[in-house]
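Trainee: Got a structure for you, questions after.
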Amino acid sequence: ATMVLKDGAVIEQGGVNVSVVHGATLPAVATEKRPQLAGCAFSALGLSLVIHPRNPYVPTSHANIRLFVARDGETVRDWWFGGGFDLTPFYPFDDDCRAWHAAAAAACAPYGAALYPRFKAWCDRYFYLPHRGETRGIGGIFFDDFHELPFADACAFTQGVGEAYLAAYLPIVRARKNTAYGAREREFQLYRRGRYVEFNLLYDRGTHFGLQSGGRAESILMSLPPAVRFEYDYQPPAGSREVHLADYLKPRDWLTPPPTPDNPR
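Using our numbering, the first residue of the sequence shown is number -2, and each one after it goes up by one.
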């Protein structure tokens, strides 16, 4: 099931997909790391959402949680959870980036100190556009093939990730949605949305899995922005706020407090 909000005062377009897919054979993208499961039937349950705000000072956000179960007849051969959330700002604010990653770390903390750094690094690697040499945004957390905890704990962790996304994103939206902007910021937002399109169509495993497994194309492509602009060899003006976005499109430690005169590190 897919629900889409369009032309809102704050959200230009937002979509939520709830999918339950069953198949007689796992698609190739799901068996690349598990050749022993080739030929197994599967069930895939997922909830994903993408928010494309109207105001360029409000970042785009994405969240996803999912469960896969592989079966051989009535026997469960394997199961795993996946999910995460990531943030794609056009005009980043350090406070927003730190709060976003603090929420991600808090969601992971009850299940071990190693999860956040591991899933944060995974997110940085996953949401990367190699042909551009940049990440899609400032990251967050990403995990897949997760079954190292008992099923109930893994399920609770995954639910907590979804709840942490809301707790992290809504304050950012409230803080930035009334920021004044003009045609320049809007044009830059549309240009940068092109990177979102590039990643989702070229690299996103969820998009590839959905299309390979016979999912509904309209729902799978719901994540694409409602308006976008491509421009050949665009270069932001020297010294502009736009040029500084590149500083954020690389992995960064957002949990360590920035240096101060009293604590220069």
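Backbone N, C-alpha and C fix where the C-beta goes; we use that ideal spot for every residue, glycine too.
Would you identify the three-state DSSP class for ALA67, choosing helix, strand or coil?
Mentor: Strand.
Trainee: Output the distance between the C-alpha atoms of ASP93 and ARG171, rounded to the nearest integer angstrom.
Mentor: Computed Cα separation, rounded: 11 Å.
Trainee: The alpha helix (DSSP H) spanning PRO233 covers which residue range?
Mentor: Counting along the chain, PRO233 falls outside any alpha helix (DSSP H), and DSSP gives it neither H nor E.
Trainee: If you count every other CB in all the chains shown that lies within 10 Å of the CB of PHE148, and 16 or more means buried, which is it?
Mentor: Answer is exposed; the Cβ neighbour count stays below 16.
Trainee: Could you pull the DSSP bridge partners for THR85 from this structure?
Mentor: Paired residues: THR57.
Trainee: Could you tell me whether the Cβ atoms of PHE140 and GLY203 are closer together than 8 Å?
Mentor: No, they are not a contact pair.
Trainee: Determine, using beta carbons only, whether GLY134 and PRO168 come nearer to each other than 8 Å.
Mentor: Taking 8 Å as the Cβ cut-off, GLY134 and PRO168 do not qualify as a contacting pair.
Trainee: Assign LEU252 to one of two classes, buried (16 or more other C-beta atoms within 10 Å of its C-beta) or exposed (fewer than that).
Mentor: Exposed is the call here.
Trainee: Flag this pair as touching only if the stretch 108 to 120 and the stretch 188 to 195 have three or more C-beta atom pairs under 8 Å; answer yes or no.
Mentor: Contact fails: fewer than three Cβ-Cβ distances are below 8 Å.
Trainee: Just to confirm my understanding: we take VAL73, look at its own chain, exclude 5 residues before and 5 after, and list those with CB closer than 7 Å. What are they?
Mentor: VAL66, listed in sequence order.
Trainee: Please state the DSSP three-state secondary structure of ALA6.
Mentor: Correct three-state label for ALA6: coil.
Trainee: Looking only at its own chain, which residues have a Cβ that is under 7 Å from the Cβ of ILE48, when we skip the five neighbours before and after it?
Mentor: Correct list, in chain order: ILE8, GLY11, THR57 and SER58.
Trainee: Could you tell me whether the stretch 10 to 29 touches the stretch 144 to 163, using the rule of 3 or more Cβ pairs below 8 Å?
Mentor: Short answer: they don't touch.
Trainee: Can you give me the C-alpha to C-alpha distance between VAL143 and PHE116, rounded to a whole angstrom?
Mentor: The sequence shown places Phe at residue 143, rather than the Val named in the question. Rounded to the nearest angstrom, the two C-alpha atoms are 11 Å apart.
Trainee: Beta-carbon within less than 6 Å of CYS105's beta-carbon, same chain only, minus the 5 sequence neighbours each way: which residues are those?
Mentor: For CYS105, where only same-chain residues beyond five positions count, the Cβ hits under 6 Å are LEU112 and TYR113.
Trainee: How far does the beta strand (DSSP E) with PRO50 in it reach, from first residue to last?
Mentor: 38 to 50 is the extent of the beta strand (DSSP E) around PRO50.
Trainee: Between SER216 and THR28, is the Cβ-Cβ spacing less than 8 Å?
Mentor: No. Outside cutoff.
Trainee: For the ligand MG, I want to know if VAL15 counts as a neighbour, meaning its beta carbon is within less than 7 Å of at least one of the ligand's heavy atoms.
Mentor: In the structure shown, the ligand MG is absent, as is every other ligand, since no ligand is present at all.
Trainee: When the Cβ atoms of the stretch 36 to 53 are set against those of the stretch 207 to 222, are three or more pairs found closer than 8 Å?
Mentor: Output reads yes: the stretch 207 to 222 touches the stretch 36 to 53.
Trainee: Just grab the DSSP bridge partners of GLU131 for me.
Mentor: Looking at the DSSP assignment, GLU131 forms a beta bridge with LEU126.
Trainee: Determine the DSSP secondary structure at THR204, reduced to helix, strand or coil.
Mentor: Note: THR204 maps to helix in three-state DSSP.
Trainee: Would you give the residue range spanned by the alpha helix (DSSP H) that ASP250 belongs to?
Mentor: Looking at the DSSP string, ASP250 is not in any alpha helix (DSSP H), and its letter there is neither H nor E.
Trainee: According to DSSP, is VAL158 part of a helix, a strand, or is it coil?
Mentor: Here VAL158 sits in helix by DSSP.
Trainee: Does DSSP put THR28 in a helix, a strand or coil?
Mentor: DSSP places THR28 in helix when its eight states are reduced to three.
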